[in-house]
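Okay, structure first, notes after.
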Amino acid sequence: MTGKGGVGKTTVAYALGLTAAAAGKRTIVCEIARQERGSELFGIEPIGFNEVRVGDGLWAISIDPDRMVREYLEVLLPVRAMASLLYRSNLFAYLAAATPGLQEVVSIGKAYELTLDVRRAPGDGRVYDLVIVDSPATGHGVGFLEAPGTFRRIARGGPLADQASRIERMITDPERCGVGIVATPEEMAVNESADLADGLAEAGVALDELYVNELFPDRFSAAEIDEIRAARERVESPALDAAIAEAERAAAQRIELERLRGILPGVPAHELPFLFTSGFGEAELRDLAEELAR
Ligand SMILES: Nc1ncnc2c1ncn2[C@@H]1O[C@H](COP(=O)(O)OP(=O)(O)OP(=O)(O)O)[C@@H](O)[C@H]1O
Ligand SMILES: [Mg+2]
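Under my numbering, the letters of the sequence shown match residues 1390 to 1683, in that order.
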């Protein structure tokens, strides 16, 4: 899942996870972020760097990019103490800064591992049918997916280049990997989705689906809106103001929705309603999952 910041990538990733799990797929959602949201959504203890079961057939893991670099160094360096020394030193910050895409590549590497039948973790025989990656907000969006290719070219041989090229092959194989773009039906999010789609095409990564999130309901016909406006001329009413404001927002959203469909005509677009609730948790995720299952 990718898309502009705040449009609902994490929400849609989990809703999709519930849909897939309900359809019988063993599914894991990987949040790649410093701060995970899954525990709050499911009302459970913080999801750390472990595969945590959050529902029937659904697991979650939180992948912290900083931590992944550390784990990677621990595997790479012969002595654990050396890795932690390096990690704490300025040298590490220097190395990470001088190695563009290191965080991205090791984070994707972890998600990639979850897709493999034979896992590195001892005693862990679990296999997933579907791995949903909640990627960091755009800005990194396509760069994140390009990191393995960039790495392969920079490293030129060696174990890291081999691993990067395996990941790259998977990401660019439309049979095994596809991207879902999440957007709200708003100008900025639609523009950013168009840029992302271009970036994906350039990177050779398949764009599978669009998720248009937070759609306001189209409650009134044109005649009804005229009536509401006429009534508002006669009386002051916060309820009428709210109805007019919502109708205007819904209409503006429909225009952006059509614009998005026009920009990406071949890509199936799922529409998800704005849920008017005070809190957002598992019940709301299930409502969205039901919409996705239709
Ligand atoms: N369909 C919806 N109806 C109502 N609120 C929603 C809906 N989808 C998402 N939200 C709310 O919008 C906020 C942002 O959602 P979310 O965290 O999923 O976005 P994100 O794209 O992952 O953000 P970030 O870029 O920060 O990772 C959250 O408070 C979430 O509860
Ligand atoms: Mg998020």
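Glycine is no exception: its CB is placed at the ideal position from the N, C-alpha and C atoms.
Review point. Is the beta carbon of Tyr1517 sitting closer than 8 angstroms to the one on Leu1534?
Key: Note that the C-beta distance between Tyr1517 and Leu1534 is not below 8 angstroms.
Point to revise | Per-residue DSSP class, three states only, for Asp1445 | key: Of the three classes helix, strand and coil, the one that applies to Asp1445 here is coil, per DSSP.
Check your understanding: Where does the unbroken alpha helix (DSSP H) through Pro1627 begin, and where does it stop?
Key -> Its alpha helix (DSSP H) spans residues Pro1627 to Ile1652.
Review point. Just curious, the alpha helix (DSSP H) that Ala1611 is in, first and last residue?
Key: Ala1611 to Arg1623 is the extent of the alpha helix (DSSP H) around Ala1611.
Practice item. Starting from the Cα of Ile1556, find the closest Cα among Gly1498, Arg1608 and Ala1544 and give me that residue. Key: Ranked by Cα distance from Ile1556, the first of Gly1498, Arg1608 and Ala1544 is Gly1498.
Practice item. Decide if the segment 1643-1654 is in contact with the segment 1566-1582; the criterion is three or more beta carbon pairs, one per stretch, under 8 angstroms apart. Key: Touching, yes.
Point to revise | Other residues of its chain near Arg1509: CB distance less than 8 angstroms, five sequence neighbours each side excluded | key: Note that Arg1509 scores 47 on pLDDT, short of 50, meaning its location in the model is unreliable and no value can be drawn from it.
Exercise for review: Keeping to the same chain, check which residues put their C-beta closer than 8 angstroms to that of Thr1416; ignore five residues upstream and five downstream.
Suggested key: Correct list, in chain order: Gly1406, Ala1409, Ala1410, Gly1446, Leu1447, Trp1448, Tyr1517, Asp1518, Leu1519, Val1520 and Ile1521.
Point to revise | C-beta contact flag for Gly1588 and Phe1540 at 8 angstroms | key: With contacts defined by Cβ atoms closer than 8 angstroms, Gly1588 and Phe1540 do not form a contacting pair.
Exercise for review: Note the first and the last residue of the continuous beta strand (DSSP E) segment covering Glu1420.
Suggested key: Per DSSP, the continuous beta strand (DSSP E) segment holding Glu1420 begins and ends at Thr1416 to Ile1421.
**Study point:** Element boundaries [alpha helix (DSSP H), containing Asn1580]
**Key:** Counting along the chain, Asn1580 sits inside the alpha helix (DSSP H) bounded by residues Glu1576 to Ala1592.
Check your understanding: Closer than 7 angstroms: is that where the CB of Ala1422 sits relative to any heavy atom of ligand 2?
Key -> Because some heavy atom of ligand 2 lies under 7 angstroms away, the Cβ of Ala1422 counts as near it: yes.
Exercise for review: May I ask whether a heavy atom of ligand 2 can be found less than 7 angstroms away from the beta carbon of Lys1393?
Suggested key: No, Cβ of Lys1393 sits at least 7 angstroms from all heavy atoms of ligand 2.
Review point. Who pairs with Pro1662 in a beta bridge, going by DSSP?
Key: Leu1604, per the DSSP bridge assignment.
Exercise for review: Please say whether Asp1523 and Val1418 have beta carbons closer to each other than 8 angstroms?
Suggested key: Taking 8 angstroms as the cut-off, the beta carbon of Val1418 is found closer than this to the beta carbon of Asp1523.
Practice item. Measure the CB-CB distance between Leu1596 and Ala1583 and report whether it falls below 8 angstroms. Key: The beta carbons of Leu1596 and Ala1583 sit no closer together than 8 angstroms.
Check your understanding: Looking at the unbroken alpha helix (DSSP H) that takes in Gly1498, where does it start and where does it end?
Key -> DSSP places Gly1498 inside the alpha helix (DSSP H), whose first and last residues are Leu1491 to Thr1504.
Practice item. Select from Ile1452, Ile1450 and Val1568 the residue whose C-alpha is nearest the C-alpha of Val1531. Key: Val1531 has its Cα closest to that of Val1568, out of Ile1452, Ile1450 and Val1568.
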